[in-house]
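Student:
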Amino acid sequence: MTHDDDIATVAGLIKDAKIAMLTTVGADGSLVSRPMGVQDVDFDGDLWFFADADSHKVHEIEAGSPANAAFADSTAWVSVSGPAEVVRDVAKNRELWGATAEAWFPDGPETPGLVLVVVHGQTAEYWHAKGGRLTTAFSLVKAKVTGERYDGGENETVQL
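Residue 134 in the working numbering sits at position 151 of the sequence shown; the count goes up by one each step and never skips.
(1) Might you give, ordered along the chain, the residues of its own chain that have their beta carbon closer than 6 Å to the beta carbon of residue 191, omitting 5 neighbours on each side?
(2) To the nearest angstrom, how far is it from the Cα of residue 131 to the Cα of residue 137?
(3) Which residue's Cα is closest to the Cα of residue 51: 18, 79 and 76?
(4) Do the segment 82 to 94 and the segment 21 to 29 make contact, defined as three or more Cβ pairs closer than 8 Å?
(5) Which residue from 109, 106, 72 and 112 puts its Cα closest to that of residue 94?
(6) Let's test the definition: count the other Cβ atoms within 10 Å of the Cβ of residue 45 and tell me whether it reaches 16, buried, or not, exposed.
(7) Assign residue 5 to buried or exposed, taking buried as 16 or more other Cβ atoms, counted over all protein chains shown, within 10 Å of its Cβ.
(8) For residue -12, name the three-state secondary structure that DSSP assigns.
(9) If distances are taken between C-alpha atoms only, which option among 58, 69 and 63 comes closest to residue 111?
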């Protein structure tokens, strides 16, 4: 596969995701994860999230924390890692504004203290059990019955 194909595969696996678990490194060195609404933009390696400027995640990113965004559905799991950045740009807020953002920030894209967090993905690892839920369930039962290790499907790491 080409680099563009790799990115397209990751994009396809996360395209319907509304929520990611965003992980940063806390001030004490611990990993901290929280659910974040993913903004609906074409995935090119960057993931965008709205946040409150006074939140722990924003302070952690401003202190240099890398970030990881994890996604899961019934047949695919994706982990995107890389440096993160806090963006203060009302025009970009307006560009990315949508229903997910409005649920958290009902005052709109000009909400005082509203910032964007962008994770600049450097790598993405994914696991994909092709064939849907039924195929996945069948494979799990087959592994149990035969005593053979479960084949979790396709697993790749992609450089973004």
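Heads up, the beta-carbon is just placed ideally off N, CA and C, and yes, glycines get one too.
Computed from a prediction, not measured in an experiment: that's the story for all the values here.
Tutor: Per the coordinate set shown:
(1) Lying before the first or after the last residue shown, residue 191 is absent from the chain, which here runs from -16 to 143.
(2) Those two C-alpha atoms are separated by around 17 Å.
(3) 18
(4) yes
(5) Check the Cα spacing between residue 94 and each of 109, 106, 72 and 112: the tightest is with 72.
(6) Within a 10 Å sphere around the beta-carbon of residue 45 sit fewer than 16 other beta-carbons, which makes this residue exposed.
(7) That one is buried.
(8) helix
(9) 58
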